[in-house]
Each structure stands twice: as structure tokens, then as C-alpha cells.
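Residue numbering for the sequence shown follows numbering that gives the first Met the number 0, beginning at 0 and increasing consecutively. Every residue gets a Cβ at the ideal spot worked out from N, C-alpha and C, and that includes glycine.
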Amino acid sequence: MVEKMPCPFCGTPVEYAIESSPEWYRDPSLPVYRIDCHEKCRRYWLEAISDPSPQIDPTILAFLNSLDDEQRTFISESTRHACDNGILIVYNRNILQYLITDWHYAKAAVMLYEFNDVSFRISGAGFDVANMLFFLDTEDARFTLRLHRAGTSIHEIRSKIYWLEALWSKGSVKTLSPVPGRDGEMIQCISPNDLPPRYVTVYDWIPGETLNNFSAAEKTPELIHRLGTVVGRMHSVSETLELPDWFIRPRYDIDWITPRIEEALASDHTDASTEEQAKLSSLSSRFSQFVAEHGERRDVFGLIHSDLEPHNIILSDGQPCPIDVREFGFGYYLSDILTLSRHFSEDEQTIFFEGYQEIRSLPTDYRQQLALFEELRVL
């Protein structure tokens, strides 16, 4: 007979099992309780202790008992949404504390905007407790709220907004559009319950489906061509954009890449073939030669998305819209091009590059250069 217990989050009678931690978890030696709350919270795991017999970590239960109904509902709904988006979660006391801390920030943040009857939950795209993303739902609209990492410079956030606005105004690239607070400011600072101050930004919702959810048949030549032109317009804006003195973003340059090459060389590659080891050994000199030939001219090096994966592109009314620009910074345009184009077939790549070159040209040997960036990508 299957054992049951009340779900620690929502109280629903649920099936559970005591098992070893999933292989992907940080400590496979820990026992866990697998909770199968199919109707409400879906499936999740809770860390357990094994002395004297396996049981849910008492500090988890004590923490949950300290929460009110609204906070427990937030954890339950956030867990369900994350699970429905394919995220697997093992909860410990610290993760639950992070969630509730961010709940306090989000609850205070929504009061700074012209929203009525607003509810919020985590996006389900992953539990990034340092930069949590929330979905905000009002009576007639949806928004996203980014709770920025503690200690983030306001100029880093201003720089992101500056670039996003330039993409639309100068390149007609539809992307995240910031929403001002009640005071008209795009960036809000909050410190609820004497918590450390953190910045918050809210963006309009972009309806549609992410590119990674499109079937092969849906990725038509017209769509692939359009993706190429959008990336070309993004880079065209970056190539000519005048930047204010306060503009701050990371640089993915030779000083950033070289240590990663050196770390890879120092790692154990006993499974690599002789050919693979030789290619890795020559990677530093080949990239240094590329930099020596091209430098950081604005036609090859500038502001890039830096994570232009299919899951970060929404197709809205047929228009590709890049989202999630947390990692954007200064880098080689070829890196952006490679990040997206590597997901296409050879024929699709040809169409993508044609679309890109309708906006801005590529070097005659761009495929050989992309092969170099493909090797750098896996570092």
C-alpha cells in the first residue's frame, strides 16, 4: 500500500517515497523525500536526515510552520509553475528561505507601480535566487518583474534599459520594454522589513512562444531569414550606438576568454583523443591570432546579447523578440551569431546568414571564424 502524508506546502494528502538524492543534485549521499502532489504542487523533493531514521529535515518543517497561508500558497504555486516548465527542485531550508525573502521583496515592489489587483509568482524558468524573475498578473495584463542581485550597480541596470530602448528606437527590434513606477522612474529600490536594499525593474509582457518550442516544420525559411535580419539589426545598433559615461557592462574579450582556455588545458582530458587534445592546445594561439587580426573594431566587437539561445527568443505575431538580456555585454558579434545559428541545419544556416547580411556584411571567411567560436563556446 502506498504511504501518504499531508503535502508540507499545501496540506493535500499526497503519496511520498524516501529515496536517494537525484543524480543531478548537489549531494547524492543525502536522503530525500519525494513528494507527489499531483493536483497542486506537482512533484518535488525535500532534503531529509537519516538519524535515527529517514525523516524530512526538521528545520524545513519548522520553517514552513512559521509561514502564513499567503506565503505557503506562494511556494506551492511557484513549485507547480516551475514543475510545469520542466524544472526539478530539491528543497532545503536555505532555498525555501530565499523564496520567502524574495516574496517579501516582490510584495513590496508591486506597490510601487500603477497596478490594481495584482498577483505574482516566480516565472518557472529556474530558481535563480540571485536574480529572481516574477510574473505579475493584473485584471487585464501581465508583466515581468526582475529582482536584481543584491549589490548590483544601478548603472548596470540603467545600461540594460538604455540598450533595450536603443534596439527598438534605432533598430526596430521588439524586446523587453521597461515600465515606470508611480514616481516615473524605471528602476525602483526597495528594502522591506529592514532587508538589504535591492533594485527592481518591471517590463511589459511579450505574448508568444519561445523558438525552442517550435517544431521543425514551423521553422520555415521565412522565419529563419527573419531571425537573421533581427540579429543583424541588433548588431547594427550596437555598432553605431553612442554610450554614456556611466554605461557599464561586462566584457567578453581576450582577458575573459584566455583564463577559460588555460583552465580547460589544466583539466584532466584523459578521454579526449589525440586530435582533440591538439586542437585544444592550439586554441589559445588561434584565438590570439584572431584578436591580433581583428582587434576590437566596432564592426566586429560591440554589445551582444551573449545568450541568444532559442529559449531566449519569443515569436510574437511572427516577429522574433530577444529576451533575458542579463548577460549582455561587449563581445564579438560572431559569438552571438554562433550561439543561435548552431541550432540550425546547414541549409537553415545559409538562409540565416543571408538574412543577416541583408543588414550588415560578414567577412568572406566567416564560417571558418565561426568554427573557432564553436570551440570557444564549450569552455
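- A buried status is given to D56, since no fewer than 16 other beta-carbon atoms sit within 10 Å of its beta-carbon.
- Here the alpha carbon of Q318 sits roughly 13 Å from the alpha carbon of N311.
- Apart from sequence neighbours up to five positions away, the residues of its chain that approach I186 with a beta-carbon distance below 8 Å are I153, I156, R157, I160, Y198, V199 and T200, ordered along the chain.
- Of T137, T363 and P7, the smallest CA-CA separation from Q70 is found for P7.
- Per DSSP, reduced to three states, the secondary structure at K278 is helical.
- The C-beta of V377 has fewer than 16 other C-beta atoms within 10 Å across all chains shown, which makes the residue exposed.
- Apart from the 5 residues on each side of it in sequence, A277 has no Cβ closer than 7 Å to any other Cβ in its chain.
- Distance from the CA of S52 to the CA of T58, rounded to the nearest whole angstrom, comes to 16 Å.
- Inclusion of F286 and S334 in the CB contact set at 8 Å is not warranted, their separation being larger than that value.
- Remark: C-beta atoms of A105 and F114 do not approach each other more closely than 8 Å.
- Between R33 and C82, the C-beta gap is not smaller than 8 Å, which leaves the two residues out of contact.
- Nearest C-alpha to I94 among R259, E76, E138 and L45: L45.
- For the options W255, L279 and T273, the alpha carbon positioned closest to that of A263 is the one of L279.
- Where D254 is concerned, the enclosing alpha helix (DSSP H) starts and stops at I253 to A265.
- Under a 10 Å Cβ-count criterion, A165 is classified as buried, with 16 or more other Cβ atoms of the shown protein chains found around its own Cβ.
- Taken atom to atom, the span from the alpha-carbon of S168 to that of F352 is near 24 Å.
- Going by C-alpha positions, N192 is about 10 Å away from T100.
- Looking at the DSSP output, Y43 shares a beta bridge with I34.
- CA-to-CA, the gap between N91 and C188 works out to about 29 Å.
- For L146 against N130, the beta-carbon gap comes to about 7 Å, under 8 Å, which counts as contact.
- If the five residues before and after F134 are omitted, its C-beta is found closer than 7 Å to the C-beta atoms of F119, R120, S122, R141 and T143, all from its own chain and listed in chain order.
- Pairing S190 with L98, the inter-Cα distance amounts to about 16 Å.
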